[in-house]
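*Asks:* Position in the sequence shown counted from 1, then plus 247, gives you our numbering.
I'd like to ask you about the structure that follows.
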Amino acid sequence: MREHGSTTERTLVIGRPIRYGLEHPYFGFDEAPGEAHGVRADLVPGAVVGPGRPLLRSAHLTDLHIADTQSPLRLDFAAKTAIERPGWGGAATYAFRANELLTSHAVAAMVETLSRLELDVAVLTGDSVDNAQFNEVEVYLSVMDGGVVRPVSAGGVYHGPQSPGWGDPWYWVPETGDSRYQRLWGYPTLPQVIPAASKPFDSPGVGAPWLACLGNHDALVGGTTAPSRDLSLIATGDSKPVALPDGIVAGEELTTFLARPSAIFSGPAREVSPDPERHLVDTAGYVAAHRAREGGPGPAGHGFTESNQDTGTGYFRHDPAPGVCILVLDTNHREGMWDGSIDREQLSWLADELRALTGPDQPVVILASHHGTPSMGNGYGICPDSPAGVAYAAELLEVALSCPNVVLWLNGHHHANRIVAHHRRGGGGLFEVTTASMTDYPTQARVLELIQQDDGVLRITSTIVDHGAPLDPGPEPTDVAELASLHRQLAANDVWRGGARYGLGGTPVDRNVHLMVPLSG
248 MREHGSTTER TLVIGRPIRY GLEHPYFGFD EAPGEAHGVR ADLVPGAVVG PGRPLLRSAH
308 LTDLHIADTQ SPLRLDFAAK TAIERPGWGG AATYAFRANE LLTSHAVAAM VETLSRLELD
368 VAVLTGDSVD NAQFNEVEVY LSVMDGGVVR PVSAGGVYHG PQSPGWGDPW YWVPETGDSR
428 YQRLWGYPTL PQVIPAASKP FDSPGVGAPW LACLGNHDAL VGGTTAPSRD LSLIATGDSK
488 PVALPDGIVA GEELTTFLAR PSAIFSGPAR EVSPDPERHL VDTAGYVAAH RAREGGPGPA
548 GHGFTESNQD TGTGYFRHDP APGVCILVLD TNHREGMWDG SIDREQLSWL ADELRALTGP
608 DQPVVILASH HGTPSMGNGY GICPDSPAGV AYAAELLEVA LSCPNVVLWL NGHHHANRIV
668 AHHRRGGGGL FEVTTASMTD YPTQARVLEL IQQDDGVLRI TSTIVDHGAP LDPGPEPTDV
728 AELASLHRQL AANDVWRGGA RYGLGGTPVD RNVHLMVPLS G
């Protein structure tokens, strides 16, 4: 493993083709020079980097999407229909990734890299798991806290659609060379990968206090539909669908999944090993799983409180260091669909917190949520005659900007590196910082250092971090670092989401940059 993965020292770029498929090649990586920090003075025209006092060193990870890849409740079979059946509306497009069995290994590689950076806190902004299953939550918590990670359910033997015994060449089947991934797109044939990826392994953990946050995939099945007893029985059972049932009307796939989700899973199926640990979690269950963990780097519940567990909410305050406050929000839309909203009770809590945090003697404030301004408009299931029960992006941003001490809003959901400045009337403002996913390319995290400069400006230094796994996984990847390397390479070559071609890495102003913010008072 490399020591710290900072992209100021080196970056990874798509290199030469390794293999050729009938439609396009499969690429490896090359090293390229590091990317120096730029300066964004959007909120303080003319501001320059100067000496000052450090307040906080934090990491931002998001959208890990650790998945039980052989769960009977996965929509991988529906992904096969997502292109020819546009009625899915995008809900099934992300239901299968060629690298998904290796995601826990990639996250373990990232937390090992981050553990060397002497962080004050790490902040996760949701979608830590993929399908709202308890066993997925346990895997993610083990990776983050440190300890033995069991990446495969049902006793640790993989029998999912990427196994040769499944007999479906639509999926990438690494053990054989006859799937469409090898034929069309040059994917590798690696017989040892699934057995190696299925073995328990040790994660070092992030080695610093870390905070959790709810995303849509953490408490909604497929990130889209509300959990139920019927769906939980499917998840824990022994029948895994392989195709949609007859009778699902073309164009109504998504509406059926939202209104009658069990119907989607009632088609042709194969017998698989059941696992009671696959039961679904709602918000209260997700919070309870965090609060039940003992040991680890803390804080207790990773921020979630007893009140959160009792009320089924996911918002809280945490003060990670003197002079800094983090307010974690719960933007999940309980009624369903993947975008977010914020309920009135929570918005009122936020407004009260920010009123108390306004003033020159108060700490600087960081907001954290899964959804950001582009994805905070979900009105699904809200009565159009009585829409006032929830608020959306504009109102949330107005509340955030009402407090001059709010300097940063961390979020995820979009799987992209992106930084946007929001201006406050009368001067100043905050930066909304979105970080790329750990499952889709470029599989990165972000380090954010807050420095109170002597000239009265707060400097937030953003640095993108690659995990320290090798550039190339080698011909027979079997250990955690090699599997993490393969995960990143597969993500870069992703066929459906465009991989490295899709631009999720952002531009230089979204990555390594000094964000300059005026301090109140």
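In this text, a Cβ means the ideal position worked out from N, Cα and C, and glycines have one as well.
Predicted model, so just to flag it, every value in this text is computed and none were measured.
Got a sec? Which residues, its chain only, sit under 6 Å from A329 by beta carbon, not counting five neighbours each side?
*Replies:* Cβ within range, chain order: W335, A339, T340.
*Asks:* Can you tell me whether D315 is buried or exposed, with buried defined as 16 or more other CB within 10 angstroms of its CB?
*Replies:* D315 is buried by the Cβ-count criterion.
*Asks:* Suppose you measure from the CA of P756 to the CA of A325; what does that come to, to the nearest Å?
*Replies:* Strictly speaking, residue 756 in this sequence is Val, with Pro absent from that position. When rounded, the distance between both Cα atoms is 37 Å.
*Asks:* Note down the Cα distance separating S595 from S450, rounded to an integer number of angstroms.
*Replies:* If you take the alpha carbons of S595 and S450, they lie about 39 Å apart.
*Asks:* Measuring CA to CA, which of D599, L657, T690 is closest to G252?
*Replies:* The candidate whose alpha carbon is nearest that of G252 is T690.
*Asks:* Report, in whole angstroms, the separation of the C-beta atoms of I589 and A615, which I expect to be a contact under 8 Å.
*Replies:* Contact doesn't hold; Cβ gap of about 13 Å is too wide.
*Asks:* Among residues of its own chain, excluding the 5 on either side of L601, which ones have a beta-carbon nearer than 6 Å to its beta-carbon?
*Replies:* Once the five neighbours on either side are set aside, the close Cβ partners of L601 are C650.
*Asks:* Does DSSP put V399 in a helix, in a strand, or in coil?
*Replies:* Coil, per DSSP.
*Asks:* Is it buried or exposed for H617, if we count other Cβ within 10 angstroms and need 16 for buried?
*Replies:* The residue is buried, with at least 16 neighbouring Cβ atoms inside 10 Å.
*Asks:* Starting from the C-beta of Q700, find all residues in its chain whose C-beta is less than 6 Å away, skip the five residues before and the five after it, and write them out in chain order.
*Replies:* If we look at Q700 and ignore the five residues flanking it on each side, its Cβ neighbours are G297, G299, R706.
*Asks:* Which first and last residues belong to the alpha helix (DSSP H) in which T502 is found?
*Replies:* Counting along the chain, the alpha helix (DSSP H) containing T502 begins and ends at 500-506.
*Asks:* Tell me the rounded alpha-carbon separation between A497 and T503.
*Replies:* For A497 and T503, the distance between alpha carbons rounds to 10 Å.
*Asks:* On the DSSP bridge assignment, give the partners of G299 in chain order.
*Replies:* Q700.
*Asks:* If we call anything under 8 Å between Cβ atoms a contact, is A345 one with W419?
*Replies:* Yes, these two residues count as a Cβ contact at 8 Å.
*Asks:* Shortest alpha-carbon distance to A342 belongs to which of E422, P567, G469, G424?
*Replies:* It is G469.
*Asks:* Give me the Cα-Cα distance between G721 and F276, rounded to the nearest whole angstrom.
*Replies:* Between G721 and F276, the C-alpha separation is close to 12 Å.
*Asks:* Looking at S663: is its Cβ nearer than 8 Å to the Cβ of G753?
*Replies:* Inspection of the sequence shows that residue 663 is occupied by Ala rather than by Ser. Cβ atoms of A663 and G753: closer than 8 Å.
*Asks:* Where does N579 fall in DSSP's three states?
*Replies:* If DSSP states are grouped into helix, strand and coil, N579 belongs with coil.
*Asks:* Taking the alpha carbon of M391 as the point to measure from, which residue in I481, V653, A306, L644 has its own alpha carbon closest?
*Replies:* Comparing Cα positions, the closest option is A306.
*Asks:* How about H734 and L349: are their beta carbons less than 8 Å apart?
*Replies:* Yes, these two residues count as a Cβ contact at 8 Å.
*Asks:* In terms of residues, what are the limits of the beta strand (DSSP E) holding Y273?
*Replies:* Looking at the DSSP string, the run of the beta strand (DSSP E) that includes Y273 is 272-280.
*Asks:* Could you pull out every residue in the same chain whose Cβ sits closer than 8 Å to the Cβ of M623, ignoring the five residues on either side in sequence?
*Replies:* Hits under 8 Å: T578, D586, G587, S588, I589, Y639, A640, L643.
*Asks:* Consult DSSP for P722 and reduce its assignment to one of helix, strand or coil.
*Replies:* In the structure shown, P722 sits in coil (DSSP, three-state: anything other than H, G, I, E or B).
*Asks:* Assuming the contact rule is C-beta atoms closer than 8 Å, V654 and V611 should be a hit. Round their C-beta distance to whole Å, please.
*Replies:* 5 Å between Cβ atoms; contact.
*Asks:* Can you tell me which residues form a DSSP beta bridge with T472?
*Replies:* DSSP output for T472 lists V468 as bridge partner(s).
*Asks:* Let me know the secondary structure DSSP gives M763 once reduced to three states.
*Replies:* The answer is strand: DSSP assigns M763 an E or B state.
*Asks:* Could you tell me which uninterrupted beta strand (DSSP E) segments, each at least 3 residues in length, are contained entirely in the stretch 368-430, listed from first to last along the chain?
*Replies:* If we require 3 residues or more, the beta strand (DSSP E) runs fully inside the stretch 368-430 come out as 368-371, 394-396.
*Asks:* By alpha-carbon positions, which one of H284, E278, Y267 ends up nearest to N759?
*Replies:* Considering only alpha carbons, the answer is H284.
*Asks:* Could you pull out every residue in the same chain whose Cβ sits closer than 7 Å to the Cβ of P416, ignoring the five residues on either side in sequence?
*Replies:* Excluding residues within five positions, the ones whose Cβ falls inside 7 Å are D425, S426, R427.
*Asks:* For a test of the three-state rule: what should DSSP assign to R363, helix, strand or coil?
*Replies:* Coil at R363, not helix or strand.
*Asks:* Quick one: Cα of V519 to Cα of P398, how far?
*Replies:* Rounded to the nearest angstrom, the two C-alpha atoms are 17 Å apart.
*Asks:* Could you spell out the range, first to last residue, of the alpha helix (DSSP H) harbouring W596?
*Replies:* First-last of the alpha helix (DSSP H) with W596: 591-603.
*Asks:* By the 10 Å Cβ neighbour count, where 16 or more other Cβ atoms means buried, how is F554 classified, buried or exposed?
*Replies:* Looking at the sequence provided, one finds Ser at residue 554 rather than Phe. When all chains shown are included, S554 counts as exposed.
*Asks:* Are the stretch 472-482 and the stretch 437-453 touching, with three or more C-beta to C-beta distances below 8 Å?
*Replies:* They do not touch, by the three-pair rule.
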